[in-house]
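Count along the sequence shown from 1, add 75, and you get the number used in this note's numbering.
Positions of the beta carbon are idealized from the N, C-alpha and C atoms, including for glycine.
None of these values were measured; they are calculated from a predicted model.
Everything below concerns the one structure shown next.
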Amino acid sequence: MKWIYWRSSRDSILAIDTQWKEQANVEDGAALRALEWVEGKGIKMKILLAKTEIPYRLKDGTWVMDTRQLLDELSKYTS
């Protein structure tokens with residue numbers, strides 16, 4: 076599993092991981108939780124990129140969304 080992060084001009088960090096399946100679960104976000112533990116409050120949002128039509132939030136606060144939804148979310152942090 077490979078994770079990346081996006082740091083905005085306002086120094087917010089969006090932690091992003093890929094999980095190409097229909098239903099992601101809390102266990103799929105382990106790498107994101109590890110990054111959140113290291114970075115602390117700097118992590119603005121955790122995102123699992125998955126094959127889902129409707130974004131949803133896991134119990135640990137991680138958002139699950141598809142590529143189009145991710146691009147929409149990233150656009151909020153580029154201005």
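Problem set entry | Uninterrupted alpha helix (DSSP H) stretches inside the stretch 114 to 151 (no shorter than 4 residues) | 142 to 150
Exercise. Can Thr137 and Leu107 be called in contact, C-beta distance under 7 Å?
Worked result: Along the sequence shown, read from residue 1 onward, the residue named residue 137 stands at position 62. Along the sequence shown, read from residue 1 onward, the residue named residue 107 stands at position 32. It is a contact, given that the beta carbons lie within the stated cut-off.
For this session: Specify the secondary structure class of Ala99 as computed by DSSP and reduced to three states.
Result: Counting from 1 along the sequence shown, the entry for residue 99 is found at position 24. It is coil, neither helix nor strand.
Exercise. Hey, would you say Ser150 sits closer than 7 Å to Lys119, going by beta carbons?
Worked result: Residue 150 sits at position 75 when you count from the first residue of the sequence shown. Residue 119 sits at position 44 when you count from the first residue of the sequence shown. The answer is no: Cβ separation not under 7 Å.
For this session: Go through its chain and collect everything with a Cβ distance to Met76's Cβ below 7 Å, but skip five positions before and after it.
Result: The sequence position of residue 76 within the sequence shown is 1, counting from 1. The pLDDT assigned to Met76 is 48, lower than 50, so where the model puts this residue is not dependable; a value taken from the coordinates is nonetheless given after this. Closer than 7 Å at the Cβ level, and outside the excluded window around Met76, lie Asp92, Ala106.
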